[in-house]
Amino acid sequence: MTSKSDAVPEESDQQKQTQAVQSEAKTAEQDPAQSVAPAEPKSVPPMQKEKQKVYRPSDERPDHNNQRLSLLGIECYESPRLKLYTDIDPKLAQKLPAVIEQFYPALENYFGPLPPNREGTEFQVTGYIMQDRERFEKAGVIPGLLARIINGRHQGAQFWMESQTEEYYLRHLMLHEYTHCYSMIMKNIGAPVWYLEGIAESMATHRIGADGKFQFNVMPHNKNDFAGLGRISLIQEAVQNAPPPTMLDVMQLTPDDFAKDDAATYSWSWALCQFFDKHPRYQAAFRELAHHMQGAAFSEKIKQVVGPDPVEVNDAWLLFARNLQPGYDSKRAMISFIRGQDLERDSSKTEIIDAYRGWQSSGVHVTRGETYKVSATGMFTLAQQPKPWKSTADGISFQYFNGQPLGRLLMMIRPDPDNASRMKTLLHEYPQGAEAVWMAPASGTVYFRLNDAWNSLNNNEGAVQVTVTRNPQVTGNTPEK
1 MTSKSDAVPE ESDQQKQTQA VQSEAKTAEQ DPAQSVAPAE PKSVPPMQKE KQKVYRPSDE
61 RPDHNNQRLS LLGIECYESP RLKLYTDIDP KLAQKLPAVI EQFYPALENY FGPLPPNREG
121 TEFQVTGYIM QDRERFEKAG VIPGLLARII NGRHQGAQFW MESQTEEYYL RHLMLHEYTH
181 CYSMIMKNIG APVWYLEGIA ESMATHRIGA DGKFQFNVMP HNKNDFAGLG RISLIQEAVQ
241 NAPPPTMLDV MQLTPDDFAK DDAATYSWSW ALCQFFDKHP RYQAAFRELA HHMQGAAFSE
301 KIKQVVGPDP VEVNDAWLLF ARNLQPGYDS KRAMISFIRG QDLERDSSKT EIIDAYRGWQ
361 SSGVHVTRGE TYKVSATGMF TLAQQPKPWK STADGISFQY FNGQPLGRLL MMIRPDPDNA
421 SRMKTLLHEY PQGAEAVWMA PASGTVYFRL NDAWNSLNNN EGAVQVTVTR NPQVTGNTPE
481 K
């Protein structure tokens, strides 16, 4: 959660994303009239020939009298990367510095190592986790310039946060604020707030392996191990009643939106970062952003992430947000948008639709009002435990997902760009089964998938052959809702 005292610039370039991501940086040309004859070369001292060394800011954290704080009920727990002052249960508090010691290499790996400071001291953060805030106010360790702390704030190499009832979320919030301290310690941060908050949420999302080692920047795979987080649940509730916000909507979030401490704002910024960070096609370019957070560099790099077709990226984002669930498998759910070809009358096209993947192009472009027939043949297996479930495109009637039998062939239409209600059309699913005849509700490319949870694609095997036939002689109906 970003401290207002750390001036986080709003990303004005994101206000018109489509134009911004398609524009190219212009190189300033020299005016020939300004050119002059080159001056005689001057001798340069050897030290000036070297590249100017970059330093991180000096350590300006205050020194505290630990004995005095202890008398007030505030204890200090210290490790090389964290000095923690807190009044929470000592059994819990003493474990937290060790979490940061595991977290620090993950931050170095993602954002790059921090440069040294001029004093040559190691980077360390001072954190305050408060169960009784008045105790810390009396101790004088909360700067008066800080606004009211709702959950957490940071300033330089310090952070302040309220204690949390859930142990997972207490660690999560600590890691979130520590990410800010690390990634924003340098001056002239130009990354927009949606990224700063979203990537802090992403890095803080963690799980503990059987060996006791922490993993960071993970997709939550259930609710119990991520108690108190609730990002996915909030998004799932939101998309039941309305379409997800567009990519541009999230990128236009302002510091004021986050200052309200609205859980939805943090959830959507986290989700957009997760979409890019876990997507096989966008991951590499997105992770480069972490190395270009100063000045105007971020604005140029985000254009490279989005590429020349922001509509395509936005469509992929909308489908991700609409289908997000714990353990969402971004790799297998990845969709490749391939525009289909129009069929001649009474002609058909057949494609293989794999059970272990998400939406797959049929290679067919349909025209609104025309009648088409879909037929699917073949067998595939869903899951392996307790035993493999074999299914046809009609699905398994004793197991359902999203209101449809597991394994049933589903269809969606990615509408043409001129569709006035393209978001609504894109997010609509039509159950097909082994055979269906219908009248196209919109013009666009048809995509299919075999119904299964988005966190269970990895244990599916096999495929079906799906044939789309353009047949105006058959009276069809609009696809079943």
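In UniProt numbering, the protein residues as written are 1 to 481. Cβ atoms here follow ideal geometry from the backbone N, Cα and C, with glycine treated the same way.
Just to confirm the assignment, what range does the beta strand (DSSP E) spanning residue i have?
i: K301; result: Segment A297 to V306 is the alpha helix (DSSP H) holding K301; no beta strand (DSSP E) there.
i: V125; result: V125 to M130
i: L84; result: L82 to T86
i: F401; result: I396 to F401
i: V366; result: Q360 to V366
Which same chain residues end up closer than 7 Å to residue i when comparing Cβ atoms and leaving out the 5 residues on each side of it in sequence?
i: A242; result: none
i: S163; result: I88, I129, M130, Q131 and L170
i: A204; result: H172, L175, H176 and T179
i: L253; result: V193, W194, T265 and S269
Excluding sequence positions up to five away, which residues of its chain have a Cβ less than 6 Å from the Cβ of residue i?
i: R231; result: S267 and W270
i: D89; result: none
i: H291; result: G112
i: R449; result: G358, W359 and L410
i: N117; result: Y55, R56 and S58
From which residue to which residue does the alpha helix (DSSP H) around residue i run?
i: P255; result: P255 to A259
i: V437; result: Looking at the DSSP string, V437 is not in any alpha helix (DSSP H); the run it does join, the beta strand (DSSP E), is E435 to M439.
i: Q67; result: N66 to L71
i: A376; result: First-last for A376: T371 to T377, but that is the beta strand (DSSP E), not the alpha helix (DSSP H).
i: G198; result: V193 to A204
i: Q294; result: Unbroken run through Q294: none, as it is neither H nor E.
i: S233; result: R231 to N241
i: L92; result: P90 to A93
So what does DSSP say about residue i, is it helix, strand or coil?
i: K53; result: coil
i: Q48; result: The predicted position of Q48 is uncertain, since its pLDDT is 43 and thus under 50; a value taken from the coordinates is nonetheless stated next. In the structure shown, Q48 sits in a helix (DSSP, three-state: H, G or I).
i: residue 483; result: Here the chain comprises residues numbered 1 to 481, so residue 483 is not present and cannot be evaluated.
i: E461; result: strand
i: V141; result: coil
i: A285; result: helix
i: residue 540; result: The chain is shown only over 1 to 481; residue 540 falls outside these bounds and no answer can be derived.
i: P310; result: helix
i: W160; result: strand
i: E351; result: strand
i: Y430; result: strand
i: P388; result: coil
i: F448; result: strand
i: L248; result: helix
i: H172; result: helix
From residue i to residue j, what does the alpha carbon distance come to, in whole angstroms?
i: R422; j: P441; result: 11 Å
i: R148; j: A263; result: 17 Å
i: P415; j: V311; result: 11 Å
i: T86; j: L406; result: 50 Å
i: Q341; j: W317; result: 24 Å
i: V313; j: V306; result: 6 Å
i: R56; j: Y104; result: 16 Å
i: R332; j: L324; result: 13 Å
i: T2; j: M161; result: For T2, the predicted model reports a pLDDT of 44, less than 50, meaning its position is unreliable; a value from the coordinates is still stated below. So the alpha carbons of these two residues sit roughly 12 Å apart.
i: E344; j: V364; result: 11 Å
i: L96; j: E134; result: 22 Å
i: Q102; j: S79; result: 11 Å
i: G209; j: G327; result: 16 Å
i: V464; j: M412; result: 17 Å
i: S233; j: N402; result: 15 Å
i: K223; j: R207; result: 12 Å
i: V468; j: A393; result: 14 Å
i: I352; j: G378; result: 10 Å
i: T246; j: R153; result: 28 Å
i: F398; j: G433; result: 15 Å
i: F216; j: A106; result: 7 Å
i: S23; j: A297; result: Because S23 sits at a pLDDT of 40, beneath the cut-off of 50, its placement in the model cannot be relied upon, and the point is left open.
i: G395; j: Q240; result: 24 Å
i: Q385; j: R408; result: 19 Å
Within its chain, find whatever has a CB closer than 8 Å to the CB of residue i; leave out the 5 residues flanking it on each side and keep chain order.
i: T381; result: A355, P388, W389, K390, S391, N460, E461 and G462
i: R68; result: A139
i: N458; result: D329, R332 and Y356
i: Y447; result: I335, W359, Q360, S361, S362, M411, M412, I413 and R414
i: K26; result: Any answer about K26 is weak, because its pLDDT of 36 lies below 50 and its placement is not dependable; what the coordinates show is given next. Around K26: no qualifying Cβ.
Determine, using beta carbons only, whether residue i comes closer than 7 Å to chain B.
i: D89; result: Of the protein chains in this structure there is only one, and it is not chain B.
Among the options, whose alpha-carbon lies nearest the alpha-carbon of residue i?
i: S299; options: W194, H154 and Q158; result: W194
i: D452; options: D329, L427 and A285; result: D329
i: N65; options: S58, I74 and D59; result: I74
i: D256; options: L82, E197, V437 and A436; result: E197
i: R470; options: R61, V464 and W438; result: W438
i: E370; options: S443, F398, S362 and I335; result: S443
i: L114; options: L92, Q94, S58 and E137; result: S58
i: D315; options: E137, Q124 and T425; result: T425
i: F136; options: Q432, Q283, A285 and S70; result: S70
i: E201; options: K213, L229 and M184; result: L229
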